[in-house]
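Each remark here refers to the structure printed beneath this line.
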Amino acid sequence: MAIITIIGAGNGAHALAADCKLGGAEVRMFEFTRFNNKVKGIMNSRRIRFEGIEMNYEKFKRNGTAVIDMVTYDMREAVHGANHILVSVQAQGFEAVFEELAPLLEDGQTVSIFPDNFGSLILRRIMRDKGLNTKVIIAGFSSLVYGARLTDYNNMETETDVVNVTYRENEIRVDTLPSSDFDAYLSASKEIPAFDATTLIQGDTVLDIGLSNVNVLLHVPAVILNAGAIENWGIIPNVGAPDVYYDIYAHGVSPSVGRVQYAFYQDLVAVAKAFGVGIGPVEEDVLQSRMGLIGQMFYGADYRLPFSEPLDQTTWLPTPKGARFSMDSRYITEDVPVGCCGAMSFANVLQVETPVISAMTNLSNIMMKTDYCKTGYSLKSFGLEKMTAVEMVEYMRAGK
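Residue numbers (the working numbering): 1 to 400.
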């Protein structure tokens, strides 16, 4: 039986923990209380209920209540002796989490980052800075395995956290750092039950994986181009309703927004081509449908929902009662400093123009009264600032 450690306790981490336990692994969960504490209700019971429609091509379903083996605030306790470490935390937390994790890693372990968001580069940089030569395999994923939402946690009466899973990825793009470790990772990953219904598709370096995170191209334009509706939603007459959650897929996407999303993707493609690496494919007409890329994950590659038809929100990710979508959402506060600024840092190496990404970033800065790229990702974050483009790709492919 594989021992799997989950780093994090948010939506994705809860889903990974319950799924892996229900799939037969020994599971430990570590919560980093510097950022949050979403495990108070299960410190004693260790119970997580995994529920939801769990849409996928294979009609695979694994609902149930899992009693995981450990819930702890001690990372050393969680990591020691584990076979696989699955990291699911906000990207802005990578530095702090990896600073603590790096010296605790042991030879033979795998580390999987969901989504990678260039985190594999950050972890390798920290290991290098600390002079650590631990023989671990580090893999970065373009997204999480699921669409998941915590619907109940820190409930001291039930002592059961509940995570709702709307869909399970049928295929997911992943690569290791370096890419030469991929075959070994693919073999080892068969011990991770979270992948039982998901095919792992190798990307072309972790740069490919970082650029292939579709959250950025979907979220940022859909939020920025709908700022007025978002801020007025449920406040003034005839603009939404206080008891209806503003959802970018139900209310924010449109033919015009879809065209901007595809132009954003073309900027990412230009960066990938300049470096000679791959990127996950996105078809233009998919972004001219209401559910976009998410619809393909639910119903298959040929699925298109016309903009003339509403989104069936009964099949959608649940939202907490009384919740309100705001501009201060991770769709901006994480996706811009991480996804946009990360992509532009690579683009600047080869003077690749990224007009749409730059425009979305500049508008985000103005709207949120900040400078996301000043505090966000840069080549220095990745330990690549002294390398040429050729050296970066060689490092990502072969570790040299």
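A virtual CB, placed ideally from N, CA and C, is assigned to each residue, including glycine.
The model shown is predicted, which means the values in this text are computed figures rather than measured ones.
Residue span of the beta strand (DSSP E) that contains residue i, given as start and end
| i | result |
| --- | --- |
| M70 | 70 to 72 |
| L200 | 199 to 202 |
| T160 | 160 to 168 |
| F141 | 137 to 141 |
| V174 | 171 to 176 |
Per-residue burial, residue i [other beta carbons within 10 Å of its own, 16 or more giving buried]
| i | result |
| --- | --- |
| S88 | buried |
| N11 | buried |
| D312 | exposed |
| T388 | exposed |
| Q109 | buried |
| N226 | buried |
| V97 | buried |
| V67 | exposed |
| M43 | exposed |
| Q288 | buried |
| V390 | exposed |
| S256 | exposed |
| I201 | exposed |
| L350 | exposed |
| F382 | buried |
| N213 | buried |
| G81 | exposed |
| P193 | buried |
| N238 | exposed |
| F114 | buried |
Boundaries (first-last residue) of the alpha helix (DSSP H) holding residue i
| i | result |
| --- | --- |
| Y362 | Looking at the sequence provided, one finds Asn at residue 362 rather than Tyr. Element bounds for N362: 355 to 368. |
| S381 | 379 to 382 |
| M29 | First-last for M29: 26 to 30, but that is the beta strand (DSSP E), not the alpha helix (DSSP H). |
| E100 | 94 to 101 |
| G8 | Where G8 is concerned, there is no enclosing alpha helix (DSSP H), given that its DSSP letter is neither H nor E. |
| I248 | Careful: I248 lies outside any alpha helix (DSSP H) and carries neither H nor E. |
Residue(s) in a DSSP beta bridge with residue i
| i | result |
| --- | --- |
| T375 | DSSP output for T375 lists no bridge partner at all. |
| H407 | In the structure as shown, the chain starts at 1 and stops at 400, and residue 407 therefore has no counterpart that could be examined. |
| V111 | I85, I138 |
Stretch-stretch touch, CB-based, cutoff 8 Å, three pairs: the segment 47 to 58 with the segment 164 to 179: yes
Is there contact here, the segment 232 to 248 with the segment 143 to 153, by at least three beta-carbon pairs under 8 Å? no
Inter-stretch contact (C-beta, 8 Å, three-pair minimum) for the segment 357 to 371 and the segment 336 to 345: yes
For the segment 260 to 311, which segments carrying the beta strand (DSSP E) assignment without a break, of at least 3 residues, lie completely within its bounds, in sequence order? none
Contact the segment 265 to 279 vs the segment 223 to 237: 3+ CB pairs below 8 Å: no
Write down every uninterrupted run of the beta strand (DSSP E) in the segment 45 to 70 whose length is 3 residues or greater and which is fully enclosed by it, in chain order. 47 to 51, 64 to 67
Is the segment 259 to 267 close to the segment 181 to 199, with three or more CB pairs under 8 Å? no
Count the C-beta pairs between the segment 61 to 79 and the segment 21 to 32 that are closer than 8 Å, then say yes if the count reaches three, no if not. yes
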